[in-house]
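Heads up: the structure comes next, in structure tokens.
Residue numbers (this note's numbering): 15 to 377.
Structure (structure tokens):
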């Protein structure tokens, strides 16, 4: 039975922003793929399924996630392992589990599981005034490194980076001892050359093309140069719906997934970009407000973790398509085409709404 008091505190603003972004995504995907009927039709299916999971995430008491946190994390790891055994390969990467009429990308669910397990772990422990010590980070590090290693092995550098950023966002908000943090930063700095050697050839090439995209304009720098052309050609008001050329004429690769923001900017211009960025700002700001006003520590960390996921996805994707950051394959929440990621984003938004509307409900 759903408590009627929940509707009194329902976050209609965040709910509306989420659905608006989903609508923008549908319009953008249609524009980028209207000549491919199966693609945008699938997007309609994903929006319908995502809306169901949004409502489920809103009305299912979020405190149940604390009880089943370890099981959810373990299940996500199991699915990631299953990818290597029975997964489907595409574009040189093995990231999907075939489940009949659709394919599941377990790495997306791993983001939610990581937030939930870290919220569970940190909410159950008292942090000293000086912050987390090194030994306090050992268990959380395992929660991160197991899915991180499995995702990086697929390979999926973009999702692995998101997992990494979510982890450190939550750790820093809990508070880390300054000496411990300094030691960790210096250790990572010293390990950077070894990390570079561990990267695959195409990943090194992407980083190199970021530093000098003009060095190979028809090869490794092609994505970035075409993306910049699309964004810049939009001007103030854009070329109009369905009138973009970079995506329509297939100059821009991945124009309906990772680089869909470039298609949006070309067709709707600076005005359209400003509207979309404002929606994301409301989403992130609303998530932080929800975290700050949550009724318990688990709710605070849950809302903050989900919000950090949105923040890093938006920041890295926009930096990627505009040339500020290297191309690492990070989609834009609600707007990029992709079923698993879209459902993950809807669940995350639903959980933020859930935490906010339950802050006045005891028990």
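Built from N, CA and C at the ideal position, the CB exists for glycine as well.
As the structure is a computational prediction, the values presented were derived from the model and not from experiment.
Should the stretch 186-198 be called in touch with the stretch 142-157, which here means at least 3 C-beta pairs below 8 Å?
yes
Beta-carbon contacts of residue 305 that lie in its chain and below 6 Å, excluding the five residues immediately before and after:
In the chain shown, the residue the question calls residue 305 occupies position 291. Correct list, in chain order: 314, 317 and 318.
Could you tell me the alpha carbon to alpha carbon distance between residue 320 and residue 152, rounded to whole angstroms?
Locating residue 320 in the chain shown gives position 306, where the first residue counts as 1. Locating residue 152 in the chain shown gives position 138, where the first residue counts as 1. Residue 320 and residue 152: Cα-Cα distance of roughly 22 Å.
Span of the beta strand (DSSP E) around residue 117:
What you label residue 117 is simply residue 103 of the chain shown in a count that begins at 1. First-last of the beta strand (DSSP E) with residue 117: 116-118.
Using the Cα positions of residue 184 and residue 350, report the straight-line distance between them to the nearest angstrom.
Translated into the one-based positions of the chain shown, residue 184 becomes position 170. Translated into the one-based positions of the chain shown, residue 350 becomes position 336. Near 25 Å, if we compare the C-alpha coordinates of residue 350 and residue 184.
Closest to residue 343 by C-alpha separation, out of 325, 357 and 174, would be which residue?
Residue numbering aside, residue 343 sits at position 329 when the chain shown is read from its first letter. Checking every option, the nearest Cα to that of residue 343 belongs to 174.
With a Cβ-Cβ cutoff of 7 Å, do residue 24 and residue 371 count as a contact?
Your numbering for residue 24 matches position 10 in the chain shown. Your numbering for residue 371 matches position 357 in the chain shown. Going by C-beta atoms, residue 24 is nearer than 7 Å to residue 371.
What does the alpha-carbon distance come out to for the pair residue 180 and residue 339?
Counted from its first residue, the chain shown places residue 180 at position 166. Counted from its first residue, the chain shown places residue 339 at position 325. Computed Cα separation, rounded: 18 Å.
Out of 160, 119 and 90, point me to the one whose CA is closest to residue 127's CA.
Residue mapping note: residue 127 aligns to position 113 of the chain shown, counting from 1. Residue 90 is the option with its Cα nearest to residue 127.
Reduced DSSP secondary structure (H/G/I, E/B, other) of residue 157:
Counting from 1 along the chain shown, the entry for residue 157 is found at position 143. Note: residue 157 maps to helix in three-state DSSP.
Answer yes or no: do residue 64 and residue 355 have a C-beta to C-beta separation smaller than 7 Å?
Counted from its first residue, the chain shown places residue 64 at position 50. Counted from its first residue, the chain shown places residue 355 at position 341. Their beta carbons are not under 7 Å apart, which means residue 64 does not touch residue 355 by this criterion.
Should the stretch 248-256 be regarded as contacting the stretch 276-290, the criterion being three or more beta carbon pairs within less than 8 Å?
Result yes; three or more Cβ-Cβ pairs closer than 8 Å.
Within a Cβ cutoff of 8 Å, which residues of the same chain sit near residue 358, ignoring the five residues on either side of it in sequence?
Numbered from 1 along the chain shown, position 344 holds the residue referred to as residue 358. Within the same chain, residue 358 has close Cβ partners 122, 123, 125 and 126.
Does DSSP classify residue 107 as helix, strand or coil?
Stepping through the chain shown from its first residue, residue 107 is reached at position 93. The answer is strand: DSSP assigns residue 107 an E or B state.
Tell me the rounded alpha-carbon separation between residue 369 and residue 301.
In the chain shown, residue 369 corresponds to position 355, counting from 1. In the chain shown, residue 301 corresponds to position 287, counting from 1. Going by the C-alpha atoms only, they are around 10 Å apart.
Separation of residue 81 from residue 75, as counted between CA atoms
Here residue 75 is taken as the residue at index 61 of the chain shown, counted from 1. Here residue 81 is taken as the residue at index 67 of the chain shown, counted from 1. So the alpha carbons of these two residues sit roughly 11 Å apart.
In three-state terms, what does DSSP make of residue 55?
For the purposes of this step, residue 55 is identified with residue 41 of the chain shown, where counting begins at 1. In this structure, residue 55 counts as helix in the three-state DSSP scheme.
Paired residues, beta bridge with residue 347 - DSSP:
Taking the chain shown and counting its residues from 1, one reaches residue 347 at position 333. DSSP output for residue 347 lists no bridge partner at all.
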